[in-house]
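One structure is given here, and the rest of the page talks about it.
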Amino acid sequence: MNRNVDVIIVGAGPIGLYLASLFENANKSYLLLEASDHVGGQLVNLYPEKDIVDIPGIECIKAKDYIALVSSKVSFDHVLLNQNVLSIDEINNEVITKTKDNEFHSKYAVISVGLGFSKPRPLGVNNEEEAKNILYSLKDFTFLKDKRVAIFGGGDSALDWAKAISELSDDTHLIHRRLEFRGNPETIKNSHNLKVHLPYVPKEIDFKDGLARSVTISKVISEGEKEEEIIIPVDYILVNYGNVPTNTPFNLDYDGNFIKVDENLRSKGNIYVIGDACSYENKKRRIAPGNNEADKLFKLLAI
Ligand SMILES: Cc1cc2nc3c(=O)[nH]c(=O)nc-3n(C[C@H](O)[C@H](O)[C@H](O)COP(=O)(O)OP(=O)(O)OC[C@H]3O[C@@H](n4cnc5c(N)ncnc54)[C@H](O)[C@@H]3O)c2cc1C
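Count along the sequence shown from 1, add 3, and you get the number used in the working numbering.
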């Protein structure tokens with residue numbers, strides 16, 4: 004894909020979305036690129052259920068509802084998901100933004116990558132990335148009906164998955180590396196079908212034709228204890244180990260993890276930065292100050 008627009012916005016967290024809503028409302032030519040498969044940034048990835056009380060004009064709103072609200076003002080024709088931007092450079096007054104497979108040309112680029120792109124933490128076993136049946140997020144459980152499923156993780160979402168899936172399949176395993184869950188164990192109290200393995204860790208996966216066929220788990224033992232392994236045949240392995248943030252360094256001036264900007268939010272040439280990603284004196288990493296930066300930049304660019 005090769006696209007030309009006036010403005011490329013990189014990162015669809017709350018601040019990138021808010022700026023997009025301003026361009027949308029003014030009927031401007033822009034594209035919003037997001038590395039993950041959903042918009043919302045930290046609000047969706049880290050604290051979807053938290054009440055936000057410090058956005059002017061909104062009394063109290065859950066983080067996920069704020070994202071739904073600001074997203075509703077953006078046309079999804081202008082949002083491209085799964086576009087991890089790897090480089091942004093200006094050549095002959097044109098900004099060129101590249102992902103692994105695509106290249107975008109624009110007058111301006113606005114970086115709103117916040118704290119970076121959250122990737123699911125992997126299981127950490129051999130050749131894991133090759134298996135098509137190892138999943139890290141789930142939108143729907145129904146395809147798991149009567150499947151053999153091994154779930155790894157001990158937080159609230161792993162327990163929610165275990166409860167819901169064990170109602171669909173009586174061959175559901177939950178594996179956690181400690182004797183106690185981080186999440187609320189009450190969630191699975193009545194999940195009588197669920198086979199719980201504590202404290203176990205994944206050891207290896209047996210692959211065939213790009214699919215995990217079984218997973219071997221080994222008990223976390225103290226000195227002197229006998230080693231114990233269990234082989235679990237699987238149709239799917241679900242991993243819920245949380246996320247790790249990754250930050251793509253662009254060819255710009257940094258102050259630690261953040262990109263330095265001048266009083267006009269400019270980093271270099273026609274490349275600007277707003278939201279958590281930018282650094283200047285007394286910068287506040289909150290939604291309202293980020294939205295103020297978006298308002299200021301919208302007026303400045305005046306395209
Ligand atoms: C626990 C917690 C609670 C908070 N509570 C509040 C609160 O109550 N009120 C408040 O005002 N603020 C709060 N904050 C701060 C607020 O979440 C941040 O200020 C806000 O998320 C910044 O938005 P952003 O759009 O700049 O970045 P982010 O939210 O980090 O979004 C960045 C987006 O860019 C994407 N991205 C990253 N790299 C790339 C790339 N290379 N290519 C394409 N896309 C990329 C990411 O996937 C992400 O979607 C809280 C923060 C935390 C951690």
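Glycine included, C-beta positions come from ideal geometry on N, C-alpha and C. Remember, predicted model here, so these are calculated numbers, not experimental data.
query = Around the Cβ of Pro59, are there at least 16 other Cβ atoms within 10 angstroms (buried) or fewer (exposed)?
reply = Start at 1 with the first residue of the sequence shown, and residue 59 comes out as number 56. So Pro59 ends up on the exposed side.
ask   = If we count the other Cβ atoms within 10 Å of its Cβ and call it buried at 16 or more, is Leu126 buried or exposed?
value = Along the sequence shown, one-based indexing puts residue 126 at 123. When all chains shown are included, Leu126 counts as buried.
message = Out of Pro17, Ile168, Gly19, which one is the CA nearest neighbour of Leu141?
response = Against the sequence shown, residue 141 aligns to sequence position 138. The option with the nearest alpha carbon to Leu141 is Ile168.
ask   = Looking at Ala291 and ligand 1, is the gap between the Cβ and the nearest heavy atom below 7 Å?
value = For the purposes of this step, residue 291 is taken as the residue at position 288 of the sequence shown. Flag set: Cβ of Ala291 near ligand 1.
message = With a threshold of 7 Å (Cβ to nearest heavy atom), would Gly60 be considered close to ligand 1?
response = Locating residue 60 in the sequence shown gives position 57, where the first residue counts as 1. False, no ligand heavy atom lies under 7 Å from that Cβ.
key: Burial state of Ala112, where buried means 16 or more other Cβ atoms lie within 10 Å   = Your numbering for residue 112 matches position 109 in the sequence shown. The residue in question, Ala112, is buried, as its Cβ has 16 or more Cβ neighbours within 10 Å.
ask   = Does the distance from the C-beta atom of Ile191 to that of Ala153 stay below 8 Å?
value = Start at 1 with the first residue of the sequence shown, and residue 191 comes out as number 188. Start at 1 with the first residue of the sequence shown, and residue 153 comes out as number 150. In this structure, Ala153 does not lie closer than 8 Å to Ile191 by Cβ.
request  = Could you have a look at Phe325 and say whether DSSP puts it in helix, strand or coil?
outcome  = With the chain covering 4 to 306 only, the question about residue 325 has no answer from this structure.
task = Using the Cα positions of Ile208 and Ile306, report the straight-line distance between them to the nearest angstrom.
result = Locating residue 208 in the sequence shown gives position 205, where the first residue counts as 1. Locating residue 306 in the sequence shown gives position 303, where the first residue counts as 1. Each residue's alpha carbon lies about 54 Å from the other.
query = Is the closest heavy atom of ligand 1 to the C-beta of Asp279 under 7 Å?
reply = Translated into positions along the sequence shown, residue 279 becomes position 276. At least one heavy atom of ligand 1 is nearer than 7 Å to the Cβ of Asp279, so yes.
request  = Could you tell me the distance, in whole angstroms, from the CA atom of Pro252 to the CA atom of Asn295?
outcome  = In the sequence shown, counting from the first residue as 1, residue 252 sits at position 249. In the sequence shown, counting from the first residue as 1, residue 295 sits at position 292. Their Cα atoms are separated by approximately 25 Å.
key: Reduced DSSP secondary structure (H/G/I, E/B, other) of Phe79   = As a first step, residue 79 is located in the sequence shown; it is residue number 76 there, counting from the start. Reduced to three states, the DSSP call for Phe79 is helix.
inquiry  = Extract the residue ranges of the beta strand (DSSP E) inside the stretch 159-211, only unbroken runs of 3 or more that lie entirely within it.
reply    = 175-178, 198-200, 203-211
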